[in-house]
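> In my numbering, the protein residues as written are 17 to 430.
Positions of the beta carbon are idealized from the N, C-alpha and C atoms, including for glycine.
Computed from a predicted model, the values in this text were never measured in an experiment.
Below are the structure tokens for one structure; questions will follow.
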Amino acid sequence: MNLELFIARRIHFNKEGDRQVTPPAVKLAIIGIALGLAVMILSVAIITGFKKEVRNKVIGFGSHIQISNFDSNTSYETIPVTISDTLLQELKDYPGIRHVESFATKPGILKTDNDFEGIVLKGVDTDYDWSFFRTNLVEGDILTIDPEKNSTDVIISRYLSDRVNLKIGESFLTYFIQDEVRARKFTVTGIYDTGFLDYDKIFVIADIKQVRRLNGWESDEASGLEILVDNYNELDELTYELYVYMSEKQDRHRNGFYVESIKDMNPMIFNWLDVLDLNVIVILILIMAVAGFTMISGLLILILERINMIGILKAMGENNLSIRKIFLYISFFLIGKGMIWGNIIGITCCLVQSHFKLISLDPSVYYLDAVPIDLNILSLILLNIGTLTASLLMMLAPSYLITRIDPVKSIRFE
């Protein structure tokens, strides 16, 4: 029989004879752990969700990796590369690559009877992965690209449709400034809304054949290739491998290929997202410290309240280690109860925000219209294990006070 555990259970679960000072101390310790764990769950879920949502939106517009002409600049007016069927098949078969698609971009000016806006026409082909835009489509349908026909249908963002007052089925002119100004008439077939205003403001998705005709490109020419990978965590390694792999290749016009990851194309956004990890660590440390000190105070009060019992146990031959174990078991019970309530509060808040979006954000500042939540089982388990371990380790120091208690003086203590 575990004597220390038996005594700890009797002290913790038997409410008879408790002094008035015990309930407030115990409740305060439980509340500290509960609120601390709840806030940690919310912090990790929000930061993880925020990073995931922003990252996915940037990737949705530009994929994980882009392969373009080595001589192209950073503008949307690009120098084309020719894309052979052999190159496409090699990339599709490359380990770690999930999808490959061609694209072309062309800056222009969208004009209606009363308004105009600067836009970028992004041409996509029959191989385009529409999952991102299908998820964010709010009206109409996505494009149907026919390899034999030159479609004039486009999808635009809700931001643009509101700015120039365009609705599904309505047409508009777009002017392209080059050697001679060219105009094209397009029809709105769908409206998307990602909440990522930096891109929603400019991108109009169209048939790639429109961009090829405007630029006088051949049917195998494009601004480049967009690549989606299987594992985002391996993006840097795969980008470097492709960079080396493509550096030895040229297209039929003897143009070189340049490989660039989405992180390289948007360094400010991804550096900002990386900084958020540091913020989470700081938050977790501060919250754990506050909750731990609350628990330490509770344990010290319990020790002082039971000082007579400690003296009697020492007089009966119990050693300091056994008595410390009793109070560590009591700490475990208190921490466990606080963690149960912390999980209930934290998970409930996450589920409510995830389903009802009660806390909104300004998309122009945060790239999102509501506080995002990404709660996964692994993070939840690690948070609980970490909280329990850290709390119990912090209890070792106050339990050392027991070794300083003199049995004779403690029995007389009132």
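Taking the straight line between their C-alpha atoms, what separation do you get for Asn-400 and Asn-324?
Between Asn-400 and Asn-324, the C-alpha separation is close to 34 Å.
> Pick out whichever of Arg-340, Ser-84, Asn-181 has its Cα sitting closest to the Cα of Val-204.
Comparing Cα-Cα distances from Val-204 to each of Arg-340, Ser-84, Asn-181, the minimum goes to Asn-181.
> How far does the alpha helix (DSSP H) with His-115 in it reach, from first residue to last?
Where His-115 is concerned, there is no enclosing alpha helix (DSSP H), although the beta strand (DSSP E) it sits in stretches over 113-127.
> List the whole-angstrom C-beta distance separating Val-136 from Phe-192, where the pair is believed to meet the contact cut-off of C-beta under 8 Å.
So it is not a contact: roughly 11 Å between Cβ atoms.
> Which same chain residues end up closer than 6 Å to Thr-128 when comparing Cβ atoms and leaving out the 5 residues on each side of it in sequence?
So the qualifying residues of the chain are Val-180, Phe-188.
> Would a C-beta distance cut-off of 8 Å place Asp-267 and Val-97 closer than the cut-off?
Yes, the Cβ-Cβ distance between Asp-267 and Val-97 is below 8 Å.
> Check whether the Cβ atoms of Ile-285 and Val-74 lie closer than 8 Å to each other.
Yes, the Cβ-Cβ distance between Ile-285 and Val-74 is below 8 Å.
> Taking only the alpha-carbon atoms, compute the straight-line gap between Val-298 and Thr-310 and give it to the nearest angstrom.
Approximately 19 Å, taken between the alpha carbons.
> Let me know the secondary structure DSSP gives Leu-315 once reduced to three states.
Looking at Leu-315 - three-state DSSP - the assignment turns out to be helix.
> Quick one: grab the DSSP three-state call for Gln-194.
If DSSP states are grouped into helix, strand and coil, Gln-194 belongs with coil.
> When you compare only the Cα positions, how much space is there between Pro-259 and Ser-84?
Sequence check: residue 259 is Tyr here, not Pro. Using only the alpha carbons, I get a separation of about 11 Å.
> Quick check: the Cα distance between Ser-147 and Thr-210, rounded to an integer number of angstroms?
Each residue's alpha carbon lies about 13 Å from the other.
> Leaving out the 5 sequence neighbours to the left and right, which residues in its chain are closer than 6 Å to Glu-237 when beta-carbon positions are compared?
So the qualifying residues of the chain are Pro-96, Thr-98.
> Might you give, ordered along the chain, the residues of its own chain that have their beta carbon closer than 7 Å to the beta carbon of Ala-457, omitting 5 neighbours on each side?
The first residue shown for the chain is 17 and the last is 430, placing residue 457 beyond what the model contains.
> From Thr-364 to Leu-153, what distance separates their C-alpha atoms?
When rounded, the distance between both Cα atoms is 29 Å.
> Quick test of your reading: Asp-246 and Arg-71, contact by CB under 8 Å. State the CB separation rounded to the nearest angstrom.
Incorrect: roughly 16 Å between the Cβ atoms, too far for contact.
> For the stretch 19-27 against the stretch 332-348, do three or more pairs of beta-carbon atoms, one drawn from each stretch, fall closer than 8 Å, so that the two count as touching?
Yes: at least three Cβ pairs fall under 8 Å.
> Please go through the same chain and pick out, in chain order, the residues whose beta-carbon is closer than 7 Å to the beta-carbon of Asp-34, but skip the five residues on each side of it.
Legend: pLDDT at Asp-34 = 45, less than 50; position of this residue unreliable, value from coordinates given subsequently. Once the five neighbours on either side are set aside, Asp-34 has no close Cβ partner at all.
> Would you kindly check if the distance between the Cβ of Tyr-144 and the Cβ of Lys-122 is under 8 Å?
Cβ distance not < 8 Å, so Lys-122 and Tyr-144 don't count as in contact.
> Could you tell me whether the Cβ atoms of Leu-53 and Gly-358 are closer together than 8 Å?
Cβ distance < 8 Å, so Leu-53 and Gly-358 count as in contact.
> Using the Cα positions of Lys-138 and Phe-202, report the straight-line distance between them to the nearest angstrom.
If you take the alpha carbons of Lys-138 and Phe-202, they lie about 13 Å apart.
> Rounded C-beta distance between Ser-395 and Thr-142? I'm assuming under 8 Å.
Not confirmed; about 39 Å, so no contact.
> So, for Ser-177: in the same chain, excluding its five sequence neighbours on each side, which residues have a beta-carbon less than 6 Å away from its beta-carbon?
Excluding residues within five positions, the ones whose Cβ falls inside 6 Å are Ile-207.
> Taking C-beta to C-beta, are Leu-254 and Gln-82 nearer than 8 Å?
Contact flag unset, no.
> Where does Glu-237 fall in DSSP's three states?
Strand at Glu-237.
> Please state whether the Cβ-Cβ distance between Phe-86 and Tyr-274 is less than 8 Å.
It is a contact, given that the beta carbons lie within the stated cut-off.
> To which residues does DSSP link Lys-16 through a beta bridge?
Because residue 16 is not part of the residues shown, which for the chain are 17 to 430, the question remains open.
> Mind checking who Lys-265 pairs with in its DSSP beta bridge?
Looking at the DSSP assignment, Lys-265 forms no beta bridge with any residue, so it has no partner.
> Give the straight-line distance between the Cα atoms of Asn-392 and Arg-340, rounded to the nearest whole angstrom.
Near 36 Å, if we compare the C-alpha coordinates of Arg-340 and Asn-392.
> Starting from Val-136, trace the beta strand (DSSP E) in both directions and tell me its first and last residue.
That run of the beta strand (DSSP E) goes 132-140.
> State the start and end residues of the unbroken beta strand (DSSP E) segment that holds Ile-339.
Ile-339 -> not in any beta strand (DSSP E); alpha helix (DSSP H) instead, spanning 336-372.
> Could you tell me which residues DSSP puts in a beta bridge with Glu-155?
According to DSSP, Glu-155 bridges with Ile-207.
> Just tell me which of Ala-120, Asn-231, Ser-79 has its CA closest to the CA of Gln-194.
Ranking the options by Cα distance to Gln-194, first place goes to Asn-231.
> What distance in whole Å lies between the Cβ atoms of Pro-388 and Phe-66, which are believed to be in contact at a cut-off of 8 Å?
Indeed, because the Cβ distance is near 5 Å, the residues count as touching under 8 Å.
> Tell me which same chain residues have a C-beta within less than 7 Å of the C-beta of Val-60, skipping the five on either side of it?
Result list for Val-60: Val-296, Ser-395, Leu-399, in chain order.
> Taking Ala-331 as the reference, give the member of Pro-423, Ile-397, Leu-320, His-269 with the closest Cα.
Taking only the C-alpha atoms, the option nearest Ala-331 is Pro-423.
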